[in-house]
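Just below is one structure, and these are the notes that go with it.
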Amino acid sequence: MEENDILKLAESLHPLERKVLPLFQGQARLGEEEILRREPSLQPSQLSMALGWLLSKEVVKVIEERRQELVSLTEVGRVYAEKKNPALRMADEIRSRGQVPIRELQQRTDMEPDEKSGAIGALKETAAVRVVSGGLLELADPSKLAEFEQLQAVIVRLSQTSEEIDLTALSSEDQATIAAYHRKRGKSKGVFRVNERITRMYAPTERFAPLHERMQSVGGAEEIGALTPEMLKEGNWKGKKFRKYNIQLPPPRIVGGRKHPYRSFLDQVKQKFISMGFEEMRGPLVENEFWDMDALYMPQFHPAREIHDVYFVEGIDTGIPQAVIDRVAAAHRDGGETGSRGWRYPFDVQRTRRLILRSQGTAVSARTLGDNPKIPGKYFSIARCFRYDQVDATHAPDFFQVEGIVLGKEIHFRTLLGLLTLFAKEVARAEEIKFLPAYFPFTEPSVEMHVRHPKLGWMELGGAGLFRPEVTTPLGVDVPVIAWGLGLDRMAMVALGISDIRDLFSPDLGFIREKRTVQEGIG
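Sequential numbering from 8 applies to the sequence shown in my numbering.
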């Protein structure tokens, strides 16, 4: 640098920089901890600012950066260390009693509601317990409790120290357990807390020596950084030196308001369908069993309709047209006018009126088919659905589905596969797509669509197929109808580069500010 440039740089140094800079004299490298030890008057936040300014002025440089993940127990984890995790507590009760009603387990007072539902769901998902007649749970395979016993073992080990533990010092099995149960940013609950600590080593650049020499000649007299009204009034600015400012430095980032990345994604999906000529369907969040299940030819004895899979709401719906109920009931009993044999069971008209939280977006499609739709016609819905599930990186108890139907005389299965491929590429920005045969009570043929997530691997996005005559005929539709229900949350994970479905709803401002916009995610 020119002599004049060195002088300007020396005159622009902040008092914090003036404290830090001399510490590098005669040093090949310095770490943040060493700097704080040598200059006790500095706070860590002040040191961070000073080093940031010196880096931007290229007076020092980072020569080494070490990232360290430190794990400790959260308050929830400390409770589990004393009482065991909820899944093991539930399993202990089931083991001691043989069979326990699900309702009794849900009424336990030693756990939060989400802990109780999560524990029951986890035990069922791992096949450690099974549901038997009468809504009872019994222990099916004690060896399947290994996951929860491993979790408890890690909790106990961490509870034996008050210090944070380096994650790499733990076994790969322990690390996998912590990854599954640790608290994410923006989450209020979790068993483990994982903090990232970044340690940097700094070294002086070629600018340091001439700048340090010039700084000594400039002197360390008190400088004024800002002229205040009090100074003007009292005149105590006279004879003082004003610190010069380097206007070449980049200004601080201005963070304005913006939409949440997922909200923006949903808006873009809606506009995508509208641009393709689809009309939007709407339906209630609190739905009756008729439109959510019965109209979709889902038998009333189907296991997905039980209390451990659906959220029930008190009350009944008396506004369903009786004629439609009669035609759907006939399809269930003996096929009615569809040519099918039906499910061959007595249809319960009272049950069909029960209220639930909408468990699938296909309920909106059923309502649309029963409301004299256009033929040919294309309809879509972005529907919020609620279904009991254990919360993890790819599952949540409430989620968005993008639901769609296309009606027309020339519609067939290849039309459906083409549309699904288009959606996966245009909306989720998926590069790898595959279709697998599937079964759903209301479609035939049926298919599942899977896409590859760059980190999580293959993920199921949802199901699709051609509605069976047992669905369309009772609702007054006599042309082929293709239908799909795809998980928008998982689509957004691929499009936005997110590896945990819970981060889609994160209130963390840092995440919202840094996450790339949806315009980058949808082509």
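Ideal Cβ placement from N, Cα and C applies to all residues, glycine included.
Predicted, not measured: the structure shown is a model, and the values here were computed from it.
Report yes if the C-beta distance between residue i and residue j is below 7 Å; otherwise report no.
i, j, result
"G349", "A338", "yes"
"L414", "V488", "yes"
"Q408", "G470", "no"
"V163", "V276", "no"
"L473", "R497", "no"
"L58", "R221", "no"
"T375", "Y386", "yes"
"E76", "V201", "yes"
"V67", "I172", "no"
"L364", "G322", "no"
"A94", "A134", "no"
"L143", "Q114", "no"
"A499", "L511", "yes"
"T212", "E65", "yes"
"Y318", "F393", "yes"
"R36", "A216", "no"
"L443", "G377", "no"
"L234", "A17", "no"
"A302", "A390", "no"
"V591", "A431", "Any question about residue 591 goes unanswered here, given that the chain covers just 8 to 530."
"L158", "N92", "yes"
"M288", "V371", "yes"
"L23", "Q53", "yes"
"H267", "I519", "yes"
"D324", "R360", "yes"
"T428", "I508", "no"
"S388", "E417", "no"
"L146", "R110", "no"
Quick check on the burial criterion: 16 or more other C-beta atoms within 10 angstroms. Buried or exposed for residue i?
i, result
"G530", "Any reading at G530 must be qualified, since the residue scores a pLDDT of 42, below 50, and its modelled position is unreliable; no value is offered."
"R192", "Residue placement at R192 cannot be trusted, given a pLDDT of 41 that sits under 50; the coordinates are not used to answer."
"S195", "Unreliable placement is indicated for S195, whose pLDDT of 44 sits below 50; the coordinate value is still reported in the next sentence. Under this definition S195 is an exposed residue."
"P514", "exposed"
"N295", "buried"
"V293", "exposed"
"N379", "exposed"
"S453", "buried"
"W298", "buried"
"A502", "buried"
"P461", "exposed"
"W60", "buried"
"V262", "exposed"
"T175", "exposed"
"Y188", "buried"
"T450", "buried"
"T184", "buried"
"Q32", "exposed"
"P476", "buried"
Starting from residue i, follow the beta strand (DSSP E) in both directions and report where the run begins and ends.
i, result
"Y318", "Element bounds for Y318: n/a, residue is neither H nor E."
"Q32", "First-last for Q32: undefined, no H or E at that position."
"L146", "L143 to L146"
"S79", "V67 to L80"
"M208", "F199 to P211"
"P108", "Q106 to P108"
For residue i, write down the residues that DSSP places opposite it in a beta bridge.
i, result
"A98", "DSSP output for A98 lists no bridge partner at all."
"I440", "V458"
"F249", "I231"
"V139", "L143"
"L473", "I489"
"I172", "V78"
"W465", "R459"
"F447", "T450"
"G494", "Q408"
"H189", "F199"
Is the beta carbon of residue i within less than 6 Å of some heavy atom of the ligand FAD?
i, result
"P476", "The model on display carries no ligand, and the ligand FAD is accordingly not part of it."
What residue range is occupied by the uninterrupted alpha helix (DSSP H) comprising residue i?
i, result
"F430", "F420 to E433"
"E156", "A153 to S166"
"N92", "Counting along the chain, N92 falls outside any alpha helix (DSSP H), and DSSP gives it neither H nor E."
"V331", "Q329 to D341"
"A129", "P120 to E132"
"Q53", "P51 to S63"
"G263", "Unbroken run through G263: none, as it is neither H nor E."
"N243", "Per DSSP, N243 belongs to no alpha helix (DSSP H) and is neither H nor E."
"E521", "L516 to E521"
"I505", "Where I505 is concerned, there is no enclosing alpha helix (DSSP H), given that its DSSP letter is neither H nor E."
"R45", "E39 to R45"
"K10", "It should be pointed out that residue 10 corresponds to Glu in this sequence rather than to Lys. Looking at the DSSP string, the run of the alpha helix (DSSP H) that includes E10 is E10 to E18."
Runs of 4 residues minimum, wholly inside the segment 354 to 415: which ones carry the alpha helix (DSSP H) assignment? 369 to 376
Note down, one range per segment and in chain order, each beta strand (DSSP E) of at least 3 residues found wholly within the segment 266 to 316. 293 to 295
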